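Residue numbers (the numbering used here): 211 to 451. Quick reminder that beta carbons are idealized off the backbone N, C-alpha and C, glycines included. Since we're looking at a predicted model, the values are computed, not measured. Input: a single structure, listed below in structure tokens.
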């Protein structure tokens, strides 16, 4: 049984990052509740590998490390979702399927990069590391929340996850709160505010998707990942001042 969980973690790291850890994708989809743990591991990796850059106060390179580890799939989802967000109602679905990036997507990705680079540049290493761990945990929890509660718009990567979802996967929130509790030992206020921002953002995002689309796809899930991560980083950077 333990081997299944290890394979699920390896598969999750392979899927959600550029690392090639092996693992069985089916083990991941059968144990979706471990996604917050995967997020925590990603956050630690990004934080630790970014440590030398913080000694040089290089926010740009810290962002490159983050993007290099997590990859650009979620950022691509952010671009596609914002293209659809600014499209007329009758063209929203078409915009999601369009392989070309429009103006909305370019603005979203550029803003995302600029904000993270600026925020990373003003953080100390402790704040950066803790914000990345919590940000990744909540980002993966938010992605999982969507996949557990919404239906896919069409057959694709999201449908691979939703096909094997189980009620027990909601236990992921126990893992998320446990990790959050550990981080509270270092900065109680930042964790509490981050959890509040996560809850508000998730509710508003999900409400919008239900009203405008009636379902989800990979771009929406990836966009939520980016929005949650950015929101958490903003919280930690702001409270550090």
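{"query": "Suppose you measure from the CA of residue 307 to the CA of residue 420; what does that come to, to the nearest Å?", "result": "18 Å"}
{"query": "Per the contact definition of three or more C-beta pairs closer than 8 Å, is the region 397-416 in contact with the region 369-380?", "result": "no"}
{"query": "Can you give the Cα-Cα distance for residue 279 and residue 224, rounded to whole angstroms?", "result": "10 Å"}
{"query": "What does a CB cutoff of less than 7 Å around residue 288 pick up in its chain, not counting 5 residues either side in sequence?", "result": "318, 319, 322, 432, 433 and 436"}
{"query": "Whole angstroms is fine: what's the gap from residue 326's alpha carbon to residue 220's?", "result": "27 Å"}
{"query": "Taking all protein chains shown into account, decide if residue 313 is buried (16 or more other Cβ within 10 angstroms of its Cβ) or exposed.", "result": "exposed"}
{"query": "Which ranges would you report for the alpha helix (DSSP H) in the region 233-306 if only whole runs of at least 4 residues count?", "result": "235-239, 245-259, 261-265, 269-280 and 283-295"}
{"query": "Could you tell me which residues DSSP puts in a beta bridge with residue 426?", "result": "362"}
{"query": "Where does residue 374 land, buried or exposed, given buried means 16+ other C-beta within 10 angstroms?", "result": "exposed"}
{"query": "Please state whether DSSP places residue 379 in a helix, a strand or coil.", "result": "helix"}
{"query": "Roughly how many whole angstroms lie between the Cα atoms of residue 334 and residue 271?", "result": "15 Å"}
{"query": "Exposed or buried, what is residue 350 when buried is set at 16 or more other beta-carbons lying within 10 Å of its beta-carbon?", "result": "buried"}
{"query": "Candidates 422, 439, 441 and 442: which alpha carbon is nearest residue 302's?", "result": "422"}
{"query": "Output the distance between the C-alpha atoms of residue 255 and residue 293, rounded to the nearest integer angstrom.", "result": "31 Å"}
{"query": "What distance in whole Å lies between the Cβ atoms of residue 269 and residue 328, which are believed to be in contact at a cut-off of 8 Å?", "result": "7 Å"}
{"query": "Count the other CB atoms within 10 Å of the CB of residue 251; is the residue buried (16 or more) or exposed (fewer)?", "result": "buried"}
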